[in-house]
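Down below is the structure, laid out as structure tokens.
2 protein chains.
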Amino acid sequence: MALGKDYAHQHCSVARALEVIGERWTLLIVRDAFYGVTRYNDFLTHLGIPRAVLVARLRSLEEAGVLDRRRYQESPPRDEYVLTERGVALWPVLLSLGTWGTAHVDGVPTLRSFVHADCGAKLDPHGQCTACGRVVPVEDVLLVPGRDLDPEPGNPVSRALLKPHRLLTRLDVERG
Amino acid sequence: MALGKDYAHQHCSVARALEVIGERWTLLIVRDAFYGVTRYNDFLTHLGIPRAVLVARLRSLEEAGVLDRRRYQESPPRDEYVLTERGVALWPVLLSLGTWGTAHVDGVPTLRSFVHADCGAKLDPHGQCTACGRVVPVEDVLLVPGRDLDPEPGNPVSRALLKPHRLLTRLDVERG
DNA sequence: AGTTGTCAGTTCGTTCAATGAACCTGTGGA
DNA sequence: TCCACAGGTTCATTGAACGAACTGACAACT
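Residue numbers (our numbering), protein chains in the order written: chain D, 1 to 176; chain A, 177 to 352.
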């Protein structure tokens, strides 16, 4: 739970949403899932999250129906975590948070932005393309690195995200 | 901080936004501010939040430029907390969270909804009126109680919210 | 056959934040 | 004079996050 038992008494869908995705790290895991990260180890190294916390979050997101856990190899058994429809529905939350952070948190330079793949123009907080004005479906959103982005060369996930990347497509992470 | 020192290392505006508004209780305080709650005591009783935590959150929201603290009486000195422009800019975040909670968290009945004051129709996750299709400015959003709302008669803030209420307008809370 | 490496965890001691109850301060009103 | 109120502060207890170390199943190399 995000805020203790009291959350259950909140008469508000915002509070209920926060019960599911309001805990520390949870939305960053969801963000990485939008970026195409699927594996425990990639979440771990990209986020720098404690292992026990990552496992707990992945389990609770799976239980909440936000992530789907599926076997990608049998020997040894290995699972990957993919956004469900319910998880993909969190896109407006992530987008509005991201644009707010860019516009209103002091000292946040242009690290990455969300652009309309068709137009190349940025999205506004409501998900509309600032060029064509349409509400862009999340499949047509491109994550592009900004000029202030630190490449962080030691991290394979960060390296993979140096190229523009379409959301919800699998990220090609180098394995060593 | 929402997630410890590590957050500073996140190369992402989502993470930066969560540093400001990602902590426990913070977004619920912002939500209540949108509802027109302005005073310490009203936040306290409506949220059921520990006093020390409320003070800490109000201070950090003030410091982040989300809330403005202003004196409303001199003797004894009393301050109220009002959303700044930066705080009002959080509207898309709150809206998308609320609609996601309503649509995707199991067992959340219709407690309250956001409707377009002109049309009376609900808003979609991107802030568009489901009747007229326009993106509705937050000043034209009405918070209306749903049929599953528990009146919670002991709480003056809850009682005040039993009537439809326009966002960002001061809530008329009975004082004892 | 033994060693090394990878992936996905679990365990555990320490640190840090949230919780909730009690207390404090300045003031106005009965 | 005594009480209530608004807006806090203090403090002991609980619980969660942190991070380092360890585990287990397997593959690939030597």
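Using N, Cα and C, we set each Cβ at its ideal position, and we do this for glycine too.
Residue i - DSSP class collapsed to helix/strand/coil
{"i": "H116 (chain D)", "result": "strand"}
{"i": "R78 (chain D)", "result": "strand"}
{"i": "L61 (chain D)", "result": "helix"}
{"i": "L318 (chain A)", "result": "strand"}
{"i": "D32 (chain D)", "result": "helix"}
{"i": "D218 (chain A)", "result": "helix"}
{"i": "L54 (chain D)", "result": "helix"}
{"i": "H165 (chain D)", "result": "strand"}
{"i": "L67 (chain D)", "result": "strand"}
{"i": "V93 (chain D)", "result": "helix"}
Cβ pair residue i, residue j closer than 8 Å
{"i": "L67 (chain D)", "j": "T84 (chain D)", "result": "yes"}
{"i": "F290 (chain A)", "j": "V264 (chain A)", "result": "no"}
{"i": "L270 (chain A)", "j": "V206 (chain A)", "result": "yes"}
{"i": "R247 (chain A)", "j": "T202 (chain A)", "result": "no"}
{"i": "R69 (chain D)", "j": "D79 (chain D)", "result": "yes"}
{"i": "L168 (chain D)", "j": "G36 (chain D)", "result": "yes"}
{"i": "H187 (chain A)", "j": "G127 (chain D)", "result": "no"}
Rounded straight-line distance, which links the Cα of residue j to that of residue i
{"i": "R351 (chain A)", "j": "P332 (chain A)", "result": "8 Å"}
{"i": "R288 (chain A)", "j": "L273 (chain A)", "result": "13 Å"}
{"i": "A191 (chain A)", "j": "P164 (chain D)", "result": "19 Å"}
{"i": "P109 (chain D)", "j": "L347 (chain A)", "result": "37 Å"}
{"i": "Y257 (chain A)", "j": "T214 (chain A)", "result": "5 Å"}
{"i": "V196 (chain A)", "j": "E239 (chain A)", "result": "10 Å"}
{"i": "W91 (chain D)", "j": "P321 (chain A)", "result": "26 Å"}
{"i": "H116 (chain D)", "j": "P329 (chain A)", "result": "48 Å"}
{"i": "L230 (chain A)", "j": "P77 (chain D)", "result": "46 Å"}
{"i": "L47 (chain D)", "j": "L143 (chain D)", "result": "17 Å"}
{"i": "G309 (chain A)", "j": "V136 (chain D)", "result": "15 Å"}
{"i": "N41 (chain D)", "j": "R51 (chain D)", "result": "9 Å"}
{"i": "L299 (chain A)", "j": "R342 (chain A)", "result": "14 Å"}
{"i": "D32 (chain D)", "j": "A336 (chain A)", "result": "40 Å"}
{"i": "V173 (chain D)", "j": "I49 (chain D)", "result": "18 Å"}
{"i": "S158 (chain D)", "j": "F43 (chain D)", "result": "11 Å"}
Residue i Cβ short of 7 Å to the ligand PLP heavy atom set
{"i": "A89 (chain D)", "result": "This structure lacks the ligand PLP, and indeed carries no ligand of any kind."}
Counted within 10 angstroms of its Cβ, other Cβ atoms place residue i as buried (16 or more) or exposed
{"i": "E139 (chain D)", "result": "exposed"}
{"i": "G107 (chain D)", "result": "exposed"}
{"i": "V105 (chain D)", "result": "buried"}
{"i": "L381 (chain A)", "result": "With chain A covering 177 to 352 only, the question about residue 381 (chain A) has no answer from this structure."}
{"i": "G277 (chain A)", "result": "buried"}
{"i": "E250 (chain A)", "result": "exposed"}
{"i": "D150 (chain D)", "result": "exposed"}
{"i": "D148 (chain D)", "result": "exposed"}
{"i": "T275 (chain A)", "result": "buried"}
{"i": "H59 (chain D)", "result": "Reading off the sequence, residue 59 (chain D) comes out as Arg, not His. So R59 (chain D) ends up on the exposed side."}
{"i": "G120 (chain D)", "result": "exposed"}
Listed by chain order, chain D residues near residue i by CB distance under 9 Å
{"i": "T214 (chain A)", "result": "Ordered by position in chain D, no residue passes the 9 Å Cβ test against T214 (chain A), which lies about 18 Å from the chain."}
{"i": "A207 (chain A)", "result": "For the sequence presented, residue 207 (chain A) should be read as Arg rather than Ala. Correct list: C12, V14, A15."}
{"i": "A279 (chain A)", "result": "S13, R86, A89"}
{"i": "L243 (chain A)", "result": "What L243 (chain A) touches in chain D: nothing, since even the nearest Cβ is about 13 Å away."}
Contacts that residue i makes with chain D (C-beta to C-beta distance below 7 Å)
{"i": "G330 (chain A)", "result": "Within chain D, no residue comes near G330 (chain A); the closest Cβ sits about 12 Å away, beyond 7 Å."}
{"i": "P268 (chain A)", "result": "S96, P125, H126"}
{"i": "V311 (chain A)", "result": "H126"}
Contacts of residue i in chain A (Cβ-Cβ under 9 Å)
{"i": "R59 (chain D)", "result": "The contacting residues do not exist; R59 (chain D) stays about 17 Å from chain A at best."}
Interface residues of chain A facing residue i [CB-CB closer than 7 Å]
{"i": "L149 (chain D)", "result": "H187"}
{"i": "V20 (chain D)", "result": "V281"}
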